[in-house]
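Asker: Protein chains in written order, with my numbering: chain A, 1 to 808; chain B, 1001 to 1151; chain C, 2001 to 2159; chain D, 3001 to 3291. Ideal Cβ placement from N, Cα and C applies to all residues, glycine included. Attaching a single structure in structure tokens format; questions to follow.
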Amino acid sequence: MPDPEARRWVGKRYKRKEDLRLLIGEGKFVDDIQLPKMKHAAIIRSPYPHALIKNIDTTQAEKLPGVRGILTGQDVKEMSKPFPCGVPIPPKYYSCAVDKVRYVGEPVAVVVADSRYIAEDALDLIQVDYEPLPVVMDIEEAAEPDAPVLHDNIGSNIYSHRLMQYGEPAKAFEEADLLVKGKFLFPKYGSTPIETYAVVASYNPVNQEFVIYNNYQGPFVNHSLVALALGIPENKMRWIVPTDIGGGFGTKTGVFPYIALIALASKKTGMTVKWIEDRREHLLASATGTDRVTYMEAAVKRDGTILALKDKAMDNTGGYIRAPEPGCAYRSTGNHTGAYQIRHLDREVMVVGTNKCLTSPNRGYTCQELYFSVERLVDMVAAQLGMDPAEIRFKNFIQPDQFPYTTATGGIYDAGNYQKAFQKALDIVDYPKWRQEQEKARQQGRYIGIGIATIVDPSVTNIAYVTTALTPEQRAKGHPKSGSGESMTIKMDPLGQVHVIACTNPQGQGHETVISQIVADELGIDPDGITVSNVVDTHDRVYTITTGSYSSRFASVGTNALVNATRKLKDKLFKIAAHLLEVSPDELVLENQKFHVKDQPEKSIAVRHVAGTAHWHQTALPEGMDVGLFASSLITMPTSKPPDELDRVDSSNTYGFCCEVIVVEIDPETCEIKFHKWASVHDSGTVLNPMILEGQVMGSITHGLGGALYEEFAYDENGQCLTASFQDYLCPTSMEVPDIDIGHVETPSPFTALGSKGAGEASCESVPVAVANAIADALAPLGVVINELPLTPSKIWHLIKEAKAKQA
Amino acid sequence: MQLKGKYEFNGTQQQVWDLFTNPESLAQAMPGCQELRETGPGKYDALMKIGIAAVKGTYTGKFEIADPDPPNRYQLIGEGSGSPGFVKGTTDIQLTGSNDKTIVTYQGEVQVGGLIAGVGQRMISGIAKMMLNQFFKKMKKELKASGSAGS
Amino acid sequence: MAQRQRINLKVNGVEYEGEVEPRKLLVDFLREDLELLGTHVGCEHGVCGACTILLNGKAVRSCLMLAVQADGAELTTIEGLAQGAQLHPIQEAFHEHHGLQCGFCTPGMLLTSHEFLQENPSPTREEAKKAISGVLCRCTGYKQVIDSVMAAAETMKNE
Amino acid sequence: MKPAAFDYIAPKTVEEVISLLTTHEDEAKILAGGQSLMPIMNFRLGRPGLLIDINGLDELDYIKQQDDHLLIGGLTRERTVERSPLVRDLCPLLSQAISFVGHTAIRNRGTVGGSLVHADPSGEIPTAFCALDGRVKAVGPDGERWIDPGEFFLTFLTTSLEPTELLVEVKVPVLPQGTGWSFMELSRRVGDFAIIGVATLLFMNGDGTCREARIALGGVAPTPFRAEEAEEVLAGQAIGEELISRAGELAGEAADAEDDYHASAEYRQEMAKIMVSRSLRQALARTGKGN
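Below you can see the structure in the form of structure tokens.
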């Protein structure tokens, strides 16, 4: 690692290159793509949560002038296969309902017409006869043997089920002085990026090749899965993601079925087809995080030491299950015990289906679900022991000298100083002062509460984790998976300018900017002069199966690949320069764009002459050396290994730390919540660009706040989604976000070239439970139990009322 | 969504029973009912035009007067659908008379689905109640009109 | 009536003439007919604010207006803020203070801020916060957006 | 989410509008600010056959004082009324209520007349209008008529305006010096539909007692309504904490709230009490007679 002091650009508040197109309306999003022969698609969707499709009559719609063709479920069944999915028995999940609908909003047919207006007119003319079936909406009921079954080929609504033991939980539970348990309900909430899903597909019947523009979050595994579903060679399906994606946060991994659907619509109609999801479609039927029911119990010593956890977590992936699920249940395996030294774990995992919308990762990918139970339970333990919730966390933290720390479940925590970061947060809010304030307030009948969450934020997914959905025996039979690789290519042109080719297709994280900063430091040049092209094009980009922007990969494995590629290029420059100066490379110094021999500044050659030689005078290069100047690196994190026979896996490859300390006051009459103070302290290793980091942190805090108080995909008991507009699905506006003090601690990661790691998801994992803990703390004297979200004033008011009734 | 209510009619239980089982008066009272066709004993097809604010829609539906126990109770089973969505419901209609006054109580479960359920949840239950009120008010008028009422 | 109607309007100082179906939304007219792709569609029911433009100087949702209604109007879209290579002070401020990430809501943020700063050249932070509350952003958490608006107010005052 | 096809016409005079309404009664729909109508049409919940765009009727865009009243043209934008110094000075309750409507861009387009005609039970303008005993002037085929306070809102999204009538003017009183006023609301987020909105007015006697109290609630019944029993306990009294909470109780009992996803009926009922009391306290403080 280069000496941090030597860095001119990394760690600086360098302004974003991306802004210069986005600020003037020159960004390139999928909806901005105009192609010849381009027609527009609209999708007819099921109004029923569970029903047989008896008949679809499209005759009237076909007659409508401007309609170019209609694709129904039957077409889809004939033209494609179900998507593969990493569970023992995958449901028959096509890009469109075939003979049965399983959630409100499920695609039933696609109309292609000259305009979206006409396409929607045609939807009105399509007659679909449904035969409604009984619905199942509750997670636990769905797992019951007598529940209505969604998929006959599975025979139950259980998509995935595993029992896992780590350490000796039974023994630990015997040794415990105290057992504390709770039931925790995490709601179905999501990302709702302001840009919805978008696909433009064209099919060439002669070379049988698809070209598909889309805003998927990478090639990732789904490029292969869609090719398999379409039954075509992978290289006959070219995906292009333009430079800009209007936010993703995990949800845009759910675009892939629509990529297949619109591709088929193009194939059937012979048109280039554009489909832009509208907001109602997005809220009904795109993808959400999973709702989860967790039963969790802690085995505790009287001194506050948490010996073991026993939990049963039930996730709900809705009407079907699709990649990257069942990741929801297994993605956080390595960090299941959070920031604590908990060596024993008894874990039951179940993924079920109900008649709800399907799922995808949502910023933090089920760590918010995990920590909602872990961090609530830690508070409950503290309460039972009469311990301060801050104290019990210090008691159980992993110690700074224990890193790299291997968790009971196989996670390898690279670095951290949890005590330091947490203490910083407590100092920022002046924790002792607020405990006193709380005492005073309680005597006046006011509800002040302090909420804490201290969590470990995993970044860089190891694709191997998903195979823990299979038993070790099942895994042994199949092909192992592992890795988290990313790719970067750097080149220097004949006049000595640097261009970087990336394929991380960010959704606003500023990779072009940070790439420029890093390369500038590595090569000692000015970042302004560096250009970066960062689009996905599966035909002309070099990438790996794990390439993309998800699980905060860029700052860890992305920077590793970039630094590696840049150093390869630098090494080649040194070799050429040395060859031209007839010295050995280690005699050379690179300074101010010149190579010169140590202690002989006059014996030098400018970098651009070296570059020029590589391109213009190719035979002057050292014998056997490739001509030109470029270098690529495709590397994975070394710890990205398959699960062992005990189901231990380093499910992510770097682990940051994040803590929230939040002071709230609840209006005793209206139950509205006011934030008095909020500290959010983060350790994501080396800070690459503090300005961008602050933006990422504020974004994830706000997204977490949405889950805590405002956002939910709500359904009635009959399976109707009640929140299909932005009037009812409530994203926080600027007015809902209080002032927040953000702090940072930098513990460089030994596993990454610059010591940096992911940062943009952490608070989305910690804020929901921290706010819940604050509200629980405020209402503790009333004995109110807080175990669900979002905590609306109406809900809190009823909880208080019930608690008071009990007390009376 | 659960719906229940109670209305007092100025008529004997038999008179009110006749009213509540008479398709003509039901058609008159049903908000926006354009036509009502008997398709079998106690079974009807209906065409309704309902407009609230700009939300106008034509709904085709059927309803049934099930297991009648004259003149005490019957079950009203109905469903209708139109471009804004669909409605399904089952309601118990109970009549209890004392001299020339009759209390009609209804208690039922109504499902609303489709477009309106997803984007209009804020007002659905209120509007459902409103339309029931309109229905019972009109039924009272019908009772008067039929001239059979005591008052 | 239902057949296409001729409309004349000025967008970013340029005269346009178009022929539209009455039902065509203004935002679709800007994007499809005038190829001004900077204005983004986010919800089509007036909540997210991404499609906010200036109609005769006033911020409006272009998804809640018909193109025919813009006949004779003067519009400003995000493409109309910068003078050639010279960014508008509000754009400069968003660049300086990282007031955007994915950039999708940014057109609405910029034009909303523009109207606000015309009406209120020296706002308090709380006023700026309220002013942008009609535009949803999922990336920034708004803090840096508010920083940007406040900074823009400063530079514009000293101009 | 694109509207279904419709005929469109943008008349220049009220007369034209009326004759169009008369000939196309059933199919026609007036397009004013469109901030409620356009979403309904984009969702295809509403599919009017003919859209009569009245945005060209400049004659209906005005705010003027006439003796002890303010006359507001039916097409006057909410934002114009909100920012009007005349309204702020003479009828601050109305400016205050409007400031709760959606967000600036919505109020720039939305009109006072449109909001009243849409008659959303939780609408801020309807609630304030109700407290102000406002009147509206409607023009129809048989000429114009004034619709009296309490006779305009019938039920959910329904007014006593005939399908052939156009709301052309809104009349609200000038509030005498020393009148206590307050508009408050609870909503999930700033700018959202009110879970409950409360508008209160306290007209005072010289001796500091309350001559007349007005309490209007929105969002807790099929229409905004006046809590008359609560008003009566305050009339003629020197208002204190006891009376205020009594009035709150009575207002709460008068509410007839419904459940929705955002708040239970029971919560709304309870909030009616609390918000009315809070609003009365604020209004009282504004009379300068608060203690």
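1) Starting from M314 of chain A and walking both ways along the beta strand (DSSP E), at which residues does that stretch end?
2) So if I threshold CB-CB distances at 9 Å, which residues from the segment 2131-2143 of chain C count as touching chain A?
3) Using a beta-carbon distance cut-off of less than 9 Å, what residues from the segment 2058-2079 of chain C approach chain F?
4) Of all the CB atoms in chain D, is at least one closer than 8 Å to the CB of G2042 of chain C?
5) Nearest to L3060 of chain D by CA position, among D:K3171, D:P3149, D:L3243 and D:A3221, is which residue?
6) How many angstroms separate the CA atom of E3229 of chain D from the CA atom of V3276 of chain D?
7) Are any of the Cβ atoms in chain C nearer than 8 Å to that of D3058 of chain D?
8) Starting from I490 of chain A, follow its DSSP beta bridges and name the residues at the other end.
9) Please list, in chain order, all residues of the same chain as Y729 of chain A whose beta carbon is under 6 Å from its beta carbon, the five residues on each side excluded.
10) List the whole-angstrom C-beta distance separating L693 of chain A from A759 of chain A, where the pair is believed to meet the contact cut-off of C-beta under 8 Å.
11) How many Å lie between T288 of chain A and E711 of chain A at the Cα?
12) Taking Cβ positions, are T632 of chain A and R553 of chain A nearer each other than 8 Å?
13) Just reading off the beta strand (DSSP E) that G3180 of chain D is part of, what are its end residues?
14) How long is the line joining the alpha carbons of L581 of chain A and V563 of chain A, rounded to whole angstroms?
15) In the DSSP assignment, find the alpha helix (DSSP H) that holds A1117 of chain B and state where it starts and stops.
16) Ordered along the chain, which non-local residues of its own chain (more than five positions away) have a Cβ less than 6 Å from that of P404 of chain A?
17) Check the Cβ-Cβ distances between R2004 of chain C and every residue of chain A, and say whether any is below 8 Å.
18) Kindly list the residues whose CB is nearer than 6 Å to the CB of M2065 of chain C, restricted to its own chain and excluding five residues on each side of it in sequence; keep chain order.
19) Given a cut-off of 8 Å, decide if E2019 of chain C and N2008 of chain C are closer than it, judged by their beta-carbon atoms.
20) Can you tell me the Cα-Cα spacing of Y465 of chain A and E106 of chain A, whole angstroms?
21) For a quick check, are the C-beta atoms of A555 of chain A and I635 of chain A less than 8 Å apart?
22) Tell me, please, whether the CB atom of C721 of chain A is closer than 8 Å to any CB atom in chain B?
23) Please check if any C-beta of chain C sits within less than 8 Å of the C-beta of Y14 of chain A.
24) Given that a residue counts as buried once 16 or more other Cβ atoms are within 10 Å of its Cβ, and exposed if not, what is M625 of chain A?
25) List the residues of chain A whose Cβ lies closer than 8 Å to the Cβ of T2112 of chain C, in chain order.
26) Consult DSSP for D57 of chain A and reduce its assignment to one of helix, strand or coil.
27) Curious, which full-length alpha helix (DSSP H) runs of at least 4 residues does the segment 142-177 of chain A contain?
28) In chain order, what residues of the segment 278-311 of chain A put their CB closer than 9 Å to some CB of chain D?
29) Quick check on the DSSP output: the beta strand (DSSP E) that includes Q832 of chain A runs from which residue to which?
30) Let me check one thing: in DSSP terms, what residues is Q1111 of chain B bridge-paired to?
31) By a C-beta neighbour count over all protein chains shown, 10 Å radius and 16 as the cutoff for buried, is E1035 of chain B buried or exposed?
32) Using a 10 Å radius around the Cβ and a threshold of 16 neighbouring Cβ atoms, would you call I89 of chain A buried or exposed?
33) Does any C-beta atom of chain D lie closer than 8 Å to the C-beta of S1151 of chain B?
34) Would the beta-carbon of M3001 of chain D fall within 8 Å of that of R280 of chain A?
35) Do the CB positions of V519 of chain A and I530 of chain A come within less than 8 Å of each other?
36) How about V3190 of chain D: is its C-beta nearer than 8 Å to some C-beta of chain C?
Answerer: Reading it off the structure:
1) Here residue 314 of chain A corresponds to residue number 314 of the first sequence, with the count starting at 1. Here the beta strand (DSSP E) through M314 of chain A covers I306 to N316.
2) A2131, I2132, S2133, G2134, V2135, L2136, C2137, R2138, C2139, T2140, G2141, Y2142 and K2143
3) The structure shown contains no chain F; the protein chains it does contain are A, B, C and D.
4) Reading the third sequence from its first residue, position 42 is the one you call residue 2042 of chain C. It does not; no Cβ of chain D falls within 8 Å.
5) Sequence index remark: in the fourth sequence, residue 3060 of chain D carries index 60 (1-based). Ranking the options by Cα distance to L3060 of chain D, first place goes to D:K3171.
6) Position 229 of the fourth sequence holds residue 3229 of chain D. Position 276 of the fourth sequence holds residue 3276 of chain D. Straight-line spacing of the CA atoms in E3229 of chain D and V3276 of chain D works out to 13 Å.
7) If you number the fourth sequence from 1, residue 3058 of chain D lands on position 58. Judged by the 8 Å Cβ criterion, D3058 of chain D is not in contact with chain C.
8) Along the first sequence, one-based indexing puts residue 490 of chain A at 490. A:V500 and A:A631, per the DSSP bridge assignment.
9) Residue numbering aside, residue 729 of chain A sits at position 729 when the first sequence is read from its first letter. The residues are L283 and T723.
10) Here residue 693 of chain A refers to the residue found at position 693 when the first sequence is read from its first residue. Here residue 759 of chain A refers to the residue found at position 759 when the first sequence is read from its first residue. Contact holds; Cβ gap of about 6 Å.
11) What you label residue 288 of chain A is simply residue 288 of the first sequence in a count that begins at 1. What you label residue 711 of chain A is simply residue 711 of the first sequence in a count that begins at 1. Answer to the nearest angstrom: the Cα atoms are 11 Å apart.
12) In the first sequence, counting from the first residue as 1, residue 632 of chain A sits at position 632. In the first sequence, counting from the first residue as 1, residue 553 of chain A sits at position 553. It is worth fixing the name first, because residue 632 of chain A is Ser in this sequence and not Thr. For S632 of chain A and R553 of chain A, no; Cβs fall outside 8 Å.
13) Mapped onto the fourth sequence, residue 3180 of chain D falls at position 180. Residues G3180 to L3186.
14) Taking the first residue of the first sequence as 1, we reach residue 581 of chain A at position 581. Taking the first residue of the first sequence as 1, we reach residue 563 of chain A at position 563. Roughly 26 Å between the two C-alpha positions.
15) Reading the second sequence from its first residue, position 117 is the one you call residue 1117 of chain B. L1115 to V1119 is the extent of the alpha helix (DSSP H) around A1117 of chain B.
16) Stepping through the first sequence from its first residue, residue 404 of chain A is reached at position 404. Once the five neighbours on either side are set aside, the close Cβ partners of P404 of chain A are I412 and D414.
17) On the third sequence, residue 2004 of chain C is found 4 positions in, with the first residue counted as 1. Not closer than 8 Å to any Cβ of chain A, the Cβ of R2004 of chain C fails to qualify, so no.
18) Locating residue 2065 of chain C in the third sequence gives position 65, where the first residue counts as 1. Excluding positions up to five away in sequence, the list reads L2026.
19) What you label residue 2008 of chain C is simply residue 8 of the third sequence in a count that begins at 1. What you label residue 2019 of chain C is simply residue 19 of the third sequence in a count that begins at 1. Taking 8 Å as the Cβ cut-off, N2008 of chain C and E2019 of chain C do not qualify as a contacting pair.
20) Walking along the first sequence from the start, residue 465 of chain A turns up at place 465. Walking along the first sequence from the start, residue 106 of chain A turns up at place 106. In a straight line, the C-alpha of Y465 of chain A is about 29 Å away from that of E106 of chain A.
21) Mapped onto the first sequence, residue 555 of chain A falls at position 555. Mapped onto the first sequence, residue 635 of chain A falls at position 635. It is not a contact, given that the beta carbons lie outside the stated cut-off.
22) Taking the first sequence and counting its residues from 1, one reaches residue 721 of chain A at position 721. Yes - at least one Cβ of chain B is within 8 Å of the one on C721 of chain A.
23) Here residue 14 of chain A corresponds to residue number 14 of the first sequence, with the count starting at 1. Not closer than 8 Å to any Cβ of chain C, the Cβ of Y14 of chain A fails to qualify, so no.
24) In the first sequence, counting from the first residue as 1, residue 625 of chain A sits at position 625. With fewer than 16 Cβ atoms within 10 Å of its Cβ, M625 of chain A is classed as exposed.
25) Your numbering for residue 2112 of chain C matches position 112 in the third sequence. None at all; the shortest Cβ gap to chain A is about 11 Å.
26) Counted from its first residue, the first sequence places residue 57 of chain A at position 57. Of the three classes helix, strand and coil, the one that applies to D57 of chain A here is strand, per DSSP.
27) 169-175
28) D278, R279, R280 and E281
29) Limits of chain A in this structure are 1 at one end and 808 at the other, which puts residue 832 of chain A out of reach.
30) Along the second sequence, read from residue 1 onward, the residue named residue 1111 of chain B stands at position 111. Note: Q1111 of chain B sits in a beta bridge opposite B:K1088.
31) The residue you call residue 1035 of chain B lines up with position 35 of the second sequence. E1035 of chain B should be labelled exposed.
32) Here residue 89 of chain A is taken as the residue at index 89 of the first sequence, counted from 1. Classification of I89 of chain A: exposed, given that the 10 Å Cβ count is below 16.
33) Position 151 of the second sequence holds residue 1151 of chain B. For S1151 of chain B, the pLDDT reaches just 38, beneath the cut-off of 50, and the residue's location in the model is therefore unreliable, although a value from the coordinates is still provided. With 8 Å as the cut-off, S1151 of chain B does not count as an interface residue toward chain D.
34) Sequence index remark: in the fourth sequence, residue 3001 of chain D carries index 1 (1-based). Sequence index remark: in the first sequence, residue 280 of chain A carries index 280 (1-based). It is a contact, given that the beta carbons lie within the stated cut-off.
35) The sequence position of residue 519 of chain A within the first sequence is 519, counting from 1. The sequence position of residue 530 of chain A within the first sequence is 530, counting from 1. The answer is yes: Cβ separation under 8 Å.
36) Start at 1 with the first residue of the fourth sequence, and residue 3190 of chain D comes out as number 190. Residue contact with chain C for V3190 of chain D: present (Cβ-Cβ distance below 8 Å to some residue of chain C).
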